[in-house]
Each structure stands twice: as structure tokens, then as C-alpha cells.
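This report concerns only the one structure given below.
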Amino acid sequence: MTHDTPTLDADSPLRGARILVTGGAGFIGSHLVDLLAPHADVHVLDDCSTGNERSVHDDATLTVGTVTDRALVDELTDAVDYVFHLAAIPSVPATLDAPTETLDVNTTATAYLLERAAAQDARLVLASSAAVYGRPSQLPISETEPTTPRSPYGISKLAADQYVRGYADWYDCDAVALRFFNVYGPGQRDGVVPSFIARARAGDALVVHGDGSQTRDFVHVIDVVRALVAAATTPATGNAFNVGTGTTTSVVELARLVSDLAPESVPVVHDDPRPADIQDSCADTTTARDELGFEATISLSDGLASLVGRTLAAD
Ligand code: NAD
């Protein structure tokens, strides 16, 4: 089964708009840019630290630079209509290595972009994260669950996510935060899904950190792009919405699913647990469905089958 890039509605206000996508050379950002670039004046700001300039659609204009460069941000937000802010130091281990830089990139740069969006009367959509919840007290996790992040990554994302609400309240800034759960799909370089698929393809054992009983809500990147587009037009500004499927899969189950899809099944081995890893995660999708009009459509088994199929076809 294949999943086509979603199309932009004929009457979408994003058509013909001037749009800045920070992190648009990255995994999720490049899928969003693929959708928008044929229909709008799309600019990408990315330092290509984890992204790749070759992933940026030909119709978009890429500026290689950092979101902490305010002169550059001023230039790129001049007369902008929409900002999709996805640039970030995007992983728990990377932020544990650089907690102060994490605040500069993930939080302070977000506050400045919000300031610029407010000044331009533009809509800003922030890529927040389920990491803001830390260890949830109940599952599925609703947006009103207490936020107790356990890593510099989660803390920086929570602060950025709260600035979205703050700027909406204080300065009438038109902004929305989306708390992505575990995103996977074509073009992803880091994470448990690409790591399992690469190892299965090579006939190597799948390495599970800890006992593998930890659960995640895996949401396909095409669904995430649909959520980003919905957030660009929702009247429910100032809010944070979960972006997940509402179903949960253990890491050991994921390993089995990948192994079953591989040409030859591979063993699963266990390694040390990862620091600051959380045990369980699953989105309560009610508010996103009712207020954002977003529901994920791609099941993990379909998404994985398509991904493994594409990867093997590329051999
Ligand atoms: P990614 O690493 O592929 O994308 C992040 C992009 O930001 C990269 O292209 C990177 O080069 C760029 N970047 C990093 N620092 C920058 C800086 N200082 N200035 C400009 N660009 C910079 O990761 P992704 O998975 O596409 O994540 C996109 C966003 O979604 C991130 O904000 C991430 O925290 C968030 N998110 C992702 C997931 C997931 O499961 N992938 C889950 C929750 C939240």
C-alpha cells in the first residue's frame, strides 16, 4: 500500500501565501514543503545540522542558516503569512549533550519567531512534542495531563509550547502548537523505525533498548503533514493539540512487525535502557479531532508495510 502526499484544498488560504518553514530540510519539514512548494512562495530556513538540503523541493527557496540568527529571521519573516516552525535540536540524547544550546534553539528562537509572527499578523504553527508530558499519570494522554518533562528536549519544547499560548494571550498572536507523538515515514534518518528497517534489510538483529515493553504511539508523517495544514487554518489558536493515532505499540511488538515484513525474519536482542526514556506514551486524540478537525488515517501496519516495501524497492 502506498500513501500519496496529501493535496492542498483548492480554496486553501495557504495557496499563493508567503510561507516560512524552519527545519524544512528535515524529515517532517521536507514532507510539508513537498506539499506546499508547488502552490505557494515557500522559504526554508535550515542549518542542515540533521536535515539535508537535497531533501528540499526545487520550488522552495532554501536559506542555510540558524533560527538563532535574528537578522536572518527578520529578513525571512518580512511580509510572511505563515510560519511552520519545525527547526529544533530534535532528540533527547542530543539535548542531554547540549542543554543550554537546546534552550537557545528550541525555546528562545521560538519566542522570537512568535514575536515576528505577531508583528506581521502571520500564523505560526509550532512542532511541539509528546515529550512535554514526561511520565504521564494516565493513558491515553490528554492535553490537560500534567506536564513533567524528563529531558532538556522535553523542557525546551514545553517552554516553547507554553510561549505559543502566552503570545496568543498577551499579544493576540495567531499561533498553534502541535504535540507530535512518534512520527515515522519515508526519509526519516533517526529513530527506532528506520533503525529497525535498516537492520532487518541487512539481515542484522534488531536492537531493543531495555526490555522493549515501553509503548509508543507511532503516527505516519503524511498524517502529521495533514495536522500541520489543519493547524494553519484552525480558529482554535493559542492551543496545543496532540498529534497521534490513539493506538499504542510496544517496541518489542514493533520489532516483530518489522521482522515479519522483512524478506527473512531477524532476531531481536536487548541492550541497556536509554537515559531519560519514558515508559508509555499514547495520545488522547479527542481534542484534535473535535477542535482541530484532525484524525490520523494510516495504521502502523499499513505505514510500515509501505515503508518496508519502498526501502526494499530502492535496493
Ligand atoms: P529533523 O532533525 O529531521 O528536522 C529538524 C530540522 O531542523 C533539521 O533539518 C535540522 O537541520 C534543522 N535545525 C536544527 N537546528 C537548527 C537551527 N538552529 N536552525 C535552523 N535549522 C535547524 O527532525 P524531525 O523529526 O523532522 O522533527 C521536526 C520537528 O518536529 C522538530 O521540532 C522535532 O522536535 C519535532 N518532533 C518530531 C518528532 C518525531 O517523532 N520525529 C516527535 C515530536 C516532535
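Residue numbers (the working numbering): 1030 to 1344.
The beta carbon of each residue, even a glycine, is placed where N, CA and C say it ideally should be.
{"Query": "Residues that DSSP places opposite residue 1312 in a beta bridge", "Result": "1170"}
{"Query": "Start-to-end residues for the alpha helix (DSSP H) that takes in residue 1253", "Result": "1250 to 1262"}
{"Query": "Span separating the alpha-carbon of residue 1168 from that of residue 1313", "Result": "8 Å"}
{"Query": "Spatially closest choice to residue 1235 from 1172, 1286, 1088, by CA coordinates", "Result": "1286"}
{"Query": "Buried or exposed by the 16-neighbour rule on C-beta atoms within 10 Å, applied to residue 1036", "Result": "exposed"}
{"Query": "Proximity to residue 1040 [Cα-Cα], best of 1051, 1068, 1052, 1336", "Result": "1068"}
{"Query": "Status (buried if at least 16 other CB within 10 Å, exposed otherwise) for residue 1042", "Result": "exposed"}
{"Query": "Where residue 1121 sits in the DSSP three-state scheme", "Result": "helix"}
{"Query": "Local Cβ density within 10 Å of residue 1165, reported as buried at 16 or more and exposed below that", "Result": "buried"}
{"Query": "One or two residues paired with residue 1203 in a DSSP bridge", "Result": "1152"}
{"Query": "Segment limits, alpha helix (DSSP H) that includes residue 1100", "Result": "1099 to 1105"}
{"Query": "Chain-order list of residues whose beta-carbon lies under 7 Å from that of residue 1095 (same chain, five-residue window excluded)", "Result": "1076"}
{"Query": "Spatially closest choice to residue 1124 from 1147, 1171, 1138, 1184, by CA coordinates", "Result": "1184"}
{"Query": "Residue interval of the alpha helix (DSSP H) (run including residue 1056)", "Result": "1056 to 1065"}
{"Query": "Alpha-carbon to alpha-carbon, residue 1207 and residue 1031", "Result": "Reliability fails at residue 1031, whose pLDDT of 43 lies under 50, so the model's placement of it is uncertain and no value is given."}
{"Query": "Through-space distance from residue 1066 to residue 1088, alpha-carbon basis", "Result": "5 Å"}
{"Query": "Distance between residue 1254 and residue 1105 (C-alpha atoms, nearest Å)", "Result": "22 Å"}
{"Query": "Cβ-Cβ separation, residue 1217 to residue 1306 (assumed contact under 8 Å), whole Å", "Result": "Not really, about 19 Å apart at Cβ, beyond 8 Å."}
{"Query": "Member of 1210, 1292, 1052, 1252 whose CA lies at the smallest distance from the CA of residue 1324", "Result": "1252"}
{"Query": "Which of helix, strand or coil DSSP assigns to residue 1273", "Result": "coil"}
{"Query": "Segment limits, beta strand (DSSP E) that includes residue 1290", "Result": "No beta strand (DSSP E) contains residue 1290, which is instead part of the alpha helix (DSSP H) from 1280 to 1290."}
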